[in-house]
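Take 1 as the starting number for the sequence shown in the UniProt record's numbering and just add one per residue.
No residue lacks a Cβ here, since even glycine has one placed at the ideal position from N, Cα and C.
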Amino acid sequence: TLIKRMMIKCADVANPCRPLELCIEWAGRISEEYFAQTDEEKRQGLPVVMPVFDRNTCSIPKSQISFIDYFVTDMFDAWD
């Protein structure tokens, strides 16, 4: 059902709701995954899907703020 799907999605994006130490650890891991994807796209001469995740220019704190602003806040507000 839609409610179950939304609950799973909320759990999927809930990293910013975790204790700060865990949030920072997982944000770093997720960012590294995206950095590797961007590196590989560049290496193969493919279009870069997420240019914000260039490891030379990315600010992880800013990317996390954008993630919270664009995805997490609205999703959790919908449950309120």
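Kindly list the residues whose CB is nearer than 7 Å to the CB of residue i, restricted to its own chain and excluding five residues on each side of it in sequence; keep chain order.
i, result
"Val13", "Phe71, Val72, Met75"
"Cys23", "Asn15, Pro16"
"Gln64", "Pro16, Ala27"
State the start and end residues of the unbroken alpha helix (DSSP H) segment that holds residue i.
i, result
"Leu46", "Unbroken run through Leu46: none, as it is neither H nor E."
"Cys10", "2-12"
Give the C-beta separation of residue i and residue j to the nearest angstrom, bearing in mind that I take them to be a contact with Cβ-Cβ under 8 Å.
i, j, result
"Ile68", "Gly28", "Not really, about 16 Å apart at Cβ, beyond 8 Å."
"Val49", "Lys42", "Contact flag wrong, Cβ pair sits at about 11 Å."
Residues in its own chain within less than 8 Å of residue i by CB, not counting five upstream and five downstream?
i, result
"Lys9", "Met75"
"Cys58", "Ser31, Phe35, Val52"
"Asp39", "Arg55"
"Gln37", "Val49, Met50, Phe53"
Is the distance from the Cβ of residue i to the Cβ of residue j below 7 Å?
i, j, result
"Arg5", "Phe35", "no"
With 7 Å set as the bound, which would you pick, yes or no: does the beta-carbon of residue i sit closer than that to a beta-carbon of chain D?
i, result
"Cys10", "This model lacks chain D altogether, as it is built from one protein chain only."
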